[in-house]
Amino acid sequence: MSFSPFRWIKNSIVFVWKTLDFGRRLILNFILLALLIALAVGIFGGSAKKIDDKTALLLDLKGTLVEQNAGSLRDNVLAEAQGNAKKTTQLRDILTVLDAAGKDPKITSAVLLLDEMQGAGLPMLREVAAAIDRFKANGKTVVAWGSSYDQRQYYLASHATEVYLHPMGNIMLNGFGRYRNYYRDALDKIGITVNLLKVGTYKSFAEPYIANEPSAAATEAESFLYNAMWATYTGDVEKARKLPAGSIMQGIDQLPELLKVTGGDIAKMAVNTKLVDGLKTRDELRQLMIGKGVKDDQNKSFKQVGFDDYLARQVPKFLGDAVGVVIAAGEISEGTAPAGSIGGLSTANLIRKAREDDQIKAIVLRVDSPGGSAFGSELIRRELELTRNAGKPVVVSMGNVAASGGYWISMSADEVIADATTVTGSIGVFAILPTAEKALDKIGVHTGGTTTTWLGDGFNPMRPLNPKFGEVIQASINHIYDDFTSKAAKARKTTPDKIDAVAQGRVWTGQQAKERGLIDTVGSYGDAIKSAAARAKLGKDFRVSYIEREPSKFDRLFTMFGASVTQVLNDQFKLALVPTGVPPAAATQIAKELSWLADLNKEGKGYAVMTHCLCGVP
Numbered sequence: 005m006s007f008s009p010f011r012w013i014k015n016s017i018v019f020v021w022k023t024l025d026f027g028r029r030l031i032l033n034f035i036l037l038a039l040l041i042a043l044a045v046g047i048f049g050g051s052a053k054k055i056d057d058k059t060a061l062l063l064d065l066k067g068t069l070v071e072q073n074a075g076s077l078r079d080n081v082l083a084e085a086q087g088n089a090k091k092t093t094q095l096r097d098i099l100t101v102l103d104a105a106g107k108d109p110k111i112t113s114a115v116l117l118l119d120e121m122q123g124a125g126l127p128m129l130r131e132v133a134a135a136i137d138r139f140k141a142n143g144k145t146v147v148a149w150g151s152s153y154d155q156r157q158y159y160l161a162s163h164a165t166e167v168y169l170h171p172m173g174n175i176m177l178n179g180f181g182r183y184r185n186y187y188r189d190a191l192d193k194i195g196i197t198v199n200l201l202k203v204g205t206y207k208s209f210a211e212p213y214i215a216n217e218p219s220a221a222a223t224e225a226e227s228f229l230y231n232a233m234w235a236t237y238t239g240d241v242e243k244a245r246k247l248p249a250g251s252i253m254q255g256i257d258q259l260p261e262l263l264k265v266t267g268g269d270i271a272k273m274a275v276n277t278k279l280v281d282g283l284k285t286r287d288e289l290r291q292l293m294i295g296k297g298v299k300d301d302q303n304k305s306f307k308q309v310g311f312d313d314y315l316a317r318q319v320p321k322f323l324g325d326a327v328g329v330v331i332a333a334g335e336i337s338e339g340t341a342p343a344g345s346i347g348g349l350s351t352a353n354l355i356r357k358a359r360e361d362d363q364i365k366a367i368v369l370r371v372d373s374p375g376g377s378a379f380g381s382e383l384i385r386r387e388l389e390l391t392r393n394a395g396k397p398v399v400v401s402m403g404n405v406a407a408s409g410g411y412w413i414s415m416s417a418d419e420v421i422a423d424a425t426t427v428t429g430s431i432g433v434f435a436i437l438p439t440a441e442k443a444l445d446k447i448g449v450h451t452g453g454t455t456t457t458w459l460g461d462g463f464n465p466m467r468p469l470n471p472k473f474g475e476v477i478q479a480s481i482n483h484i485y486d487d488f489t490s491k492a493a494k495a496r497k498t499t500p501d502k503i504d505a506v507a508q509g510r511v512w513t514g515q516q517a518k519e520r521g522l523i524d525t526v527g528s529y530g531d532a533i534k535s536a537a538a539r540a541k542l543g544k545d546f547r548v549s550y551i552e553r554e555p556s557k558f559d560r561l562f563t564m565f566g567a568s569v570t571q572v573l574n575d576q577f578k579l580a581l582v583p584t585g586v587p588p589a590a591a592t593q594i595a596k597e598l599s600w601l602a603d604l605n606k607e608g609k610g611y612a613v614m615t616h617c618l619c620g621v622p
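Quick note, the working numbering runs 4 ahead of the 1-based positions in the sequence shown.
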């Protein structure tokens with residue numbers, strides 16, 4: 005039989021094709037089999053374990069308390085699979101768990117473990133503390149334990165029925181306030197000139213780049229703000245612990261003397277000053293809870309249900325009239341931004357999505373932002389204005405911070421509600437234009453050329469600031485400030501002059517803002533939900549729907565399978581992936597602050613016009 009090269013080529017192609025097709029089907033079948041196994045585990049082997057009588061809720065809060073987790077579910081699961089600890093816990097999840105457990109007859113107590121809680125703003129802490137109080141109001145006890153307590157952790161612990169500390173532990177109550185780095189001399193030495201143009205006496209955002217110490221106005225404003233917040237903190241703790249008014253400050257002032265009495269034993273001093281009820285090791289805490297509940301012989305502990313487990317049991321409603329909640333947390337940019345930050349376009353799109361949803365009858369904008377882009381802020385404010393014009397009520401709920409751009413996006417609402425300690429206001433605008441002509445001189449670099457108009461080289465960071473360009477930017481800033489105050493005056497039903505008197509870039513607490521007409525009500529997140537529902541004339545049977553970006557297919561898969569399957573897959577990831585270990589140390593504060601100047605070039609302009617307060621969570 006003669007050899008045919010064409011037949012051989014044809015047979016080879018057919019063989020390769022069949023091999024590839026077989027491999028493709030084999031891989032797909034393996035994937036399908038894995039999914040079916042995971043689904044079976046979720047349905048039959050991974051179902052939630054029944055909660056017994058006298059079970060304790062284990063409220064082990066981890067990471068920073070936030071309004072919204074950053075990134076996607078996939079990112080969070082993969083991070084945990086690689087050995088990275090959970091970094092954030094959502095406020096809404098804590099409130100959901102505590103309120104549901106408070107009504108659950110199987111749950112008779114809660115254990116508050118705060119060692120892994122890394123941070124939260126005072127307004128958020130007050131929300132959680134109020135939820136703890138609601139839990140206790142149902143006749144249930146809360147036991148707090150810590151190896152040590154920082155100021156934020158202790159605030160929550162103080163609201164427990166009983167507070168215990170490890171015998172080698174301590175409590176650090178430092179108060180509020182900060183010292184900032186100032187870079188004027190350092191920048192002069194390297195030849196960087198920072199040109200600051202602003203409106204607002206108290207707009208102190210860029211002071212570290214143009215001065216060597218805080219201005220008198222900045223010191224005055226921050227002192228007024230921090231003292232008010234500290235008075236609220238100490239008053240709340242003293243009330244919760246049934247301590248005499250002023251006892252915390254008295255204890256701080258007399259700290260050396262109080263420690264002498266206990267021979268330097270800080271934990272014993274905490275007992276003597278009634279900050280805690282006793283000293284216990286973790287095993288002693290376990291025995292205490294066994295006595296309060298039911299012993300779990302299998303695990304040699306007390307009957308308990310974890311925070312994440314109990315949260316997974318709470319099934320939200322998906323149908324019916326709802327109050328839609330849009331989270332606006334983080335710095336404000338102009339375009340799109342992922343969860344955990346604010347994009348002018350992306351957040352406006354979420355508001356529009358809620359407005360066009362027939363089941364959403366009212367919107368709550370939950371704000372936790374120090375500001376950012378004025379244009380991005382206006383995109384969001386305008387979308388809220390359109391929502392109100394469409395007949396849907398809008399209520400703003402201010403969290404830790406709602407200042408500058410964070411206040412701008414709050415100006416189109418039927419009601420603005422803030423916590424007494426929310427950092428708010430900071431109505432002001434600034435532009436910062438760094439130039440490096442002196443730095444170039446130091447290394448012998450010079451610039452030169454010609455343009456058809458002075459605008460062709462109006463702002464060149466390699467040359468001194470052109471006075472004409474400075475006038476243009478200043479005029480623009482003045483206009484934005486006038487627009488800001490005019491919109492605020494219209495929203496607050498007053499005059500621009502009266503707004504200007506309390507604006508000028510100054511920040512206030514929520515209570516101070518209420519006294520100055522910048523907000524309507526001092527209240528909680530729950531108050532905002534109730535107000536929105538009442539304004540939409542909803543009955544008691546309404547749901548709360550969080551309006552967020554559509555999850556990816558991967559996230560939908562995890563959500564469909566449920567928490568138990570997520571854990572199964574997560575365990576497999578842990579087997580397959582080698583933990584990366586502790587990530588590199590974060591950049592120093594100095595590097596972080598100076599890098600902000602370098603980031604101005606990312607938009608190609610070399611300068612920024614901002615409504616930002618450079619204020620964070622104290």
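The C-beta atom is built at its ideal place from N, Cα and C for all residues, glycine as well.
| Asked | Found |
| --- | --- |
| Identify which residue in A60, D545, T615 and C619 has its Cα closest to the Cα of D4. | Any question about residue 4 goes unanswered here, given that the chain covers just 5 to 622. |
| Looking only at DSSP bridge pairs, what is H616 linked to? | G375 |
| Can R385 and W412 be called in contact, C-beta distance under 8 Å? | yes |
| Whose C-alpha, out of P374, K278 and R359, is nearest the C-alpha of I367? | R359 |
| Please classify M293 as buried or exposed, where buried requires at least 16 other C-beta atoms within 10 Å of its C-beta. | buried |
| Can you list, in chain order, the residues of its chain whose CB lies under 7 Å from that of C617, leaving out five sequence neighbours each side? | F209, P374, G375, A407, S408, S430 and V511 |
| From this set, L99, F546, T425 and P438, which residue's C-alpha is nearest A134's C-alpha? | L99 |
| Please name the residue or residues paired with N199 in a DSSP beta bridge. | L437 |
| Could you spell out where the beta strand (DSSP E) holding R547 opens and where it closes? | R547 to Y550 |
| According to DSSP, what are the bridge partners of Y153? | I175 |
| For the alpha helix (DSSP H) that D64 lies in, which residues bound it at each end? | Per DSSP, D64 belongs to no alpha helix (DSSP H); it is in the beta strand (DSSP E), T59 to D64. |
| What residues are listed by DSSP as bridge partners for K299? | F306 |
| With a 10 Å radius around its C-beta and 16 neighbouring C-beta atoms as the bar for buried, classify G173 as buried or exposed. | buried |
| According to DSSP, simplified to helix, strand and coil, what is Y168? | strand |
| Between which two residues does the beta strand (DSSP E) carrying Q258 extend? | Where Q258 is concerned, there is no enclosing beta strand (DSSP E), given that its DSSP letter is neither H nor E. |
| Taking C-beta to C-beta, are L126 and T499 nearer than 8 Å? | no |
| Please work out which residues of its chain come closer than 7 Å, Cβ to Cβ, to I47, disregarding the five sequence neighbours upstream and downstream, and give them in chain order. | Here the model assigns I47 a pLDDT of 43, short of 50, so the residue's position is not dependable, and the following value carries that caveat. Excluding residues within five positions, none has a Cβ falling inside 7 Å. |
| Identify which residue in I477, S535 and I484 has its Cα closest to the Cα of N199. | I477 |
| So for G453, helix, strand or coil by DSSP? | coil |
| Would you grab the beta carbon distance between M402 and S414 for me? Rounded to a whole angstrom, and I think it's under 8 Å. | 7 Å |
| Which residue or residues does DSSP assign as beta-bridge partners of L69? | T93 |
| Can you tell me where the beta strand (DSSP E) holding M402 begins and where it ends? | V398 to A407 |
| Compute the beta-carbon to beta-carbon distance between L95 and E131, rounded to the nearest angstrom, for a pair I have assumed lies under 8 Å. | 6 Å |
| Compute the Euclidean distance between the alpha carbons of T205 and A225, then round it to the nearest angstrom. | 10 Å |
| Where G460 and A492 are concerned, what is the direct C-alpha to C-alpha distance, given to the nearest angstrom? | 36 Å |
| Relative to the alpha-carbon of I503, which residue among N404, T513 and Y485 has its alpha-carbon at the smallest distance? | Y485 |
| Name the DSSP bridge partner or partners of M121? | G67 |
| What distance in whole Å lies between the Cβ atoms of M176 and D4, which are believed to be in contact at a cut-off of 8 Å? | Shown here, the chain extends from 5 to 622; a query on residue 4 therefore has no answer. |
| Taking G474 as part of the alpha helix (DSSP H), name the residues at either end of that continuous run. | P471 to R496 |
| In terms of residue numbering, what span does the beta strand (DSSP E) encompassing V427 cover? | V427 to G429 |
| Would you kindly work out how many angstroms separate the C-alpha atoms of V371 and L263, rounded to a whole number? | 42 Å |
| Strictly by DSSP, which residues pair up with F341? | Correcting the residue identity first, residue 341 is Ala in this sequence and not Phe. According to DSSP, which records beta bridges pairwise, A341 is partnered with nothing at all. |
| Which stretch, first to last residue, makes up the beta strand (DSSP E) that contains E419? | E419 to A422 |
| Which value, in whole angstroms, describes the spacing of the CA atoms of G380 and V309? | 43 Å |
| On the criterion of 16 or more Cβ atoms from any shown chain inside 10 Å, does D423 qualify as buried, or is it exposed? | buried |
| Ignore the nearest five residues each way along the sequence and tell me which others in L62's own chain have a CB closer than 6 Å to its CB. | V115, Q308 and G310 |
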